[in-house]
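S.K.: Pasting a structure here, questions to come.
2 protein chains.
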Amino acid sequence: MKPPIEFWFDFISPFGYLASLRIDALAARHGRTVDWRPLLLGVTVLKVMGLPPVPKTPLKGAYAARQIERYLRRHAITLGRDPGAPPMNPLPAGRLYAWLRVHQPARAKAAAQAIFHAHWAQGLPMDDAAALRGVVMASGVPAEVVDAGLADPEAAALLRAEVDAAIAAGAFGSPFVIADGEPFFRVDNLELLEAWLERVGW
Amino acid sequence: MKPPIEFWFDFISPFGYLASLRIDALAARHGRTVDWRPLLLGVTVLKVMGLPPVPKTPLKGAYAARQIERYLRRHAITLGRDPGAPPMNPLPAGRLYAWLRVHQPARAKAAAQAIFHAHWAQGLPMDDAAALRGVVMASGVPAEVVDAGLADPEAAALLRAEVDAAIAAGAFGSPFVIADGEPFFRVDNLELLEAWLERVGW
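Protein chains in written order, with the working numbering: chain C, 1 to 202; chain B, 1001 to 1202.
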C-alpha cells in the first residue's frame, strides 16, 4: 500500500478550491488516497518567498484572473464569490481544519470540503466564527467537537506545524500536490500528475 | 486565414527553449502558423512585475529546477548547459533576432531556432558576438546580413518595441503564447493551448 498523496492547500485560494474538487477522484483512479494538508500562502509566498500576492502582481494578476475564468468555463463551475475580491482571513478555517485533521481524521476531509464549498461556491464568510461553526457542523462534525476545536489553542500550533512541514517539503502554493516525493504545483498540472501516476512516457 | 499564434520567448529561458521545440508543430496540427516574438524577462519579470528571477526565489527555484529535469526525462531531451548556471546576457541574441524578424522575415525563425539550439543543446555562449554571428550564418542568413544586423543600432530599438508590445499584450514569461487573444503561460500549458485550439470542452 503506497502512502497517501499530499494535497496542500489554503482555503483562501480559488485554485486550491478548484483542485479540491478533483484530487480525490484523480487519486482513486490510481488506487491512491489523499491527505489534505493546510498551508498559508501568507507565510509561504509572502514571507518565505518574498513575493507579493498574485492578484497584486502586475501582468500576472490579470493572467491569473483570466485563467480562473477559462477554467470555470471549461469545467462548467460557477463561483459564488468574486476571486478578485479582497481575500478572507484564512486563519480560523485553517486552524480548525488542522485541529480536525489530527483529532477527527475520519471527519476532517468532509469538513474541509464543506468549508471550501461554503466559501467558494456559496460565497459565505468562512472567517466568521459562527458561519464556520455552522458549516463544519453541517458537514458531520458534532457541535461539541467543533466548539472544542475552535476553543483549543493547540489549533494554531497545529497549523503552524503544517506550514513548517509544507516549507520543509518544498510545497509553497495552492494547490501543491506531492506524490511519492514528486511535486506538482498548480491546478493546471493535475493532468501531469495523473500522467505521472500512470507513468506514461516517464 | 487566421492570424499567426504569437510565441513570446527569451533566449535566456530554458522553458522558452523547450517550448520552441514544439510550438510550430503544435500550431501546424491546427492549420496555424507561429510568429516568434522576443521579450526580455529582465524587463517583464524583474522591472514590471517586480519579482526576483525564478532560480533565486526560495522554494520556487528548487521546484523549477525539478520541473526542468522531469520535463527533460519525459521528452527525452538532453541540455548542453546547466539550467542552474548563471544566465547569459540575452541582449545580443534578442536584438539580432528582433532585427532579423523585421528585415529578414523568411530567415528569422531558423536563426532563432539555431540560437536556441546552440545555447541550450550545445552550451555555446550566445552572448559572444563571434559565436552568435557564426551560428546565425550557419542557419542560412548571409554573412553581410548578419553583420548589418549586429551593427545596426535599430536592433536595440526593435527589441525594446517588442518588449513593450509584450507588456501591452499581457505577455510576461517565457514561453508565453497568445492565440486569438487567449494567453497561455508556461511550457506546461502547451497541452491546454492545444485543447483550446481544438476547442475541446470549451
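Here a beta-carbon is modelled for each residue, glycine too, at the ideal position from N, C-alpha and C. Quantities reported herein were computed from a predicted structural model and do not represent experimental measurements.
Between the segment 28-40 of chain C and the segment 1015-1034 of chain B, do at least 3 Cβ pairs fall closer than 8 Å?
M.R.: Because the criterion of three Cβ pairs below 8 Å is not met, the segment 28-40 of chain C and the segment 1015-1034 of chain B do not touch.
S.K.: Could you tell me the alpha carbon to alpha carbon distance between B:Glu-1144 and B:Leu-1159, rounded to whole angstroms?
M.R.: Start at 1 with the first residue of the second sequence, and residue 1144 of chain B comes out as number 144. Start at 1 with the first residue of the second sequence, and residue 1159 of chain B comes out as number 159. Going from the Cα of B:Glu-1144 to the Cα of B:Leu-1159 covers about 21 Å.
S.K.: List the residues of chain B whose Cβ lies closer than 9 Å to the Cβ of C:Phe-172, in chain order.
M.R.: The count along the first sequence starts at 1 and reaches residue 172 of chain C at position 172. Chain B residues near C:Phe-172: Pro-1058, Leu-1059, Lys-1060, Tyr-1063.
S.K.: If distances are taken between C-alpha atoms only, which option among B:Asp-1147, B:Ala-1157, B:Phe-1176 comes closest to B:Phe-1009?
M.R.: Translated into the one-based positions of the second sequence, residue 1009 of chain B becomes position 9. It is B:Phe-1176.
S.K.: Within 8 Å (strictly less), CB to CB, does C:Pro-83 reach chain B?
M.R.: Position 83 of the first sequence holds residue 83 of chain C. No, because no Cβ of chain B sits closer than 8 Å to the Cβ of C:Pro-83.
S.K.: Using a C-beta to C-beta distance shorter than 7 Å, which residues of chain C count as neighbours of B:Asn-1189?
M.R.: Here residue 1189 of chain B is taken as the residue at index 189 of the second sequence, counted from 1. Residues of chain C passing the Cβ test: Asp-188.
S.K.: For B:Ala-1138 versus B:Ala-1114, is the C-beta distance shorter than 8 Å?
M.R.: Here residue 1138 of chain B refers to the residue found at position 138 when the second sequence is read from its first residue. Here residue 1114 of chain B refers to the residue found at position 114 when the second sequence is read from its first residue. Result yes, Cβ atoms of B:Ala-1138 and B:Ala-1114 sit closer than 8 Å.
S.K.: Going along the segment 76-108 of chain C in order, which residues come within less than 7 Å of chain B, judged by CB to CB distance?
M.R.: Answer in chain order: no residues at all.
S.K.: Hey, could you find the ends of the beta strand (DSSP E) B:Trp-1099 is sitting in?
M.R.: Stepping through the second sequence from its first residue, residue 1099 of chain B is reached at position 99. Careful: B:Trp-1099 lies outside any beta strand (DSSP E), inside the alpha helix (DSSP H) at 1091-1103.
S.K.: How many Å lie between B:Ala-1098 and B:Ala-1161 at the Cα?
M.R.: Taking the second sequence and counting its residues from 1, the one referred to as residue 1098 of chain B is at position 98. Taking the second sequence and counting its residues from 1, the one referred to as residue 1161 of chain B is at position 161. Cα to Cα, B:Ala-1098 sits roughly 9 Å from B:Ala-1161.
S.K.: If the cut-off is 8 Å on Cβ atoms, which residues from the segment 1030-1061 of chain B count as contacting chain C, listed in chain order?
M.R.: The segment 1030-1061 of chain B vs chain C, Cβ under 8 Å: Thr-1044, Val-1048, Met-1049, Gly-1050, Leu-1051, Pro-1052, Thr-1057, Pro-1058, Leu-1059, Lys-1060.
S.K.: Is there contact here, the segment 1114-1129 of chain B with the segment 1057-1066 of chain B, by at least three beta-carbon pairs under 8 Å?
M.R.: Touching, no.
S.K.: What in chain C is Cβ-close to B:Pro-1183, meaning under 7 Å?
M.R.: The residue labelled residue 1183 of chain B in the question sits at position 183 within the second sequence. Neighbours of B:Pro-1183 on chain C, chain order: Tyr-63, Arg-66.
S.K.: Under a CB-based cut-off of 8 Å, is C:Leu-192 close to chain B?
M.R.: For the purposes of this step, residue 192 of chain C is taken as the residue at position 192 of the first sequence. Interface residue, yes.
S.K.: Is it right to say C:Ala-106 is buried, meaning 16 or more other beta carbons lie within 10 angstroms of its own, or is it exposed?
M.R.: On the first sequence, position 106 is the one that residue 106 of chain C refers to. Looking at its Cβ environment, which holds fewer than 16 other Cβ atoms inside 10 Å, C:Ala-106 is exposed.
S.K.: Let me know the alpha helix (DSSP H) ranges lying completely inside the segment 1141-1184 of chain B, each 4 residues or longer, listed in chain order.
M.R.: Complete alpha helix (DSSP H) runs here, min 4: 1143-1151, 1154-1169.
S.K.: Rounded to whole angstroms, what's the CA-CA distance from B:Leu-1018 to B:Gln-1104? Just pull it up for me.
M.R.: Numbered from 1 along the second sequence, position 18 holds the residue referred to as residue 1018 of chain B. Numbered from 1 along the second sequence, position 104 holds the residue referred to as residue 1104 of chain B. Roughly 24 Å separates the two Cα atoms.
S.K.: Looking only at its chain, what residues have a beta carbon closer than 8 Å to the beta carbon of C:Thr-44, apart from the 5 residues adjacent to it on each side?
M.R.: Start at 1 with the first residue of the first sequence, and residue 44 of chain C comes out as number 44. Once the five neighbours on either side are set aside, the close Cβ partners of C:Thr-44 are Val-163, Ala-166, Ile-167, Ala-171, Phe-172, Gly-173.
S.K.: Scan the segment 5-84 of chain C and note each continuous alpha helix (DSSP H) run of 4 residues or more that stays entirely inside, going in chain order.
M.R.: If we require 4 residues or more, the alpha helix (DSSP H) runs fully inside the segment 5-84 of chain C come out as 14-20, 23-28, 60-75.
S.K.: Whose C-beta lies closer than 6 Å to the C-beta of B:Pro-1083 among residues of the same chain, with five residues either side of it excluded?
M.R.: Indexing the second sequence from 1 puts residue 1083 of chain B at position 83. Contacts found: Pro-1014, Ile-1068.
S.K.: Look at the Cβ atom of B:Pro-1090, then the Cβ atom of B:Ala-1129, and state whether they are nearer than 8 Å.
M.R.: As a position in the second sequence, residue 1090 of chain B is number 90, starting the count at 1. As a position in the second sequence, residue 1129 of chain B is number 129, starting the count at 1. Against a cut-off of 8 Å, the Cβ pair of B:Ala-1129 and B:Pro-1090 comes out as no contact.
S.K.: For C:Arg-66 and B:Gly-1134, what's the separation of their Cα atoms in angstroms?
M.R.: Counted from its first residue, the first sequence places residue 66 of chain C at position 66. Counted from its first residue, the second sequence places residue 1134 of chain B at position 134. Taking the straight line from one Cα to the other gives about 42 Å.
S.K.: At what residues does the alpha helix (DSSP H) containing C:Ala-215 begin and finish?
M.R.: Residue 215 of chain C falls outside the range modelled here, since chain C spans only 1 to 202, and no answer is possible.
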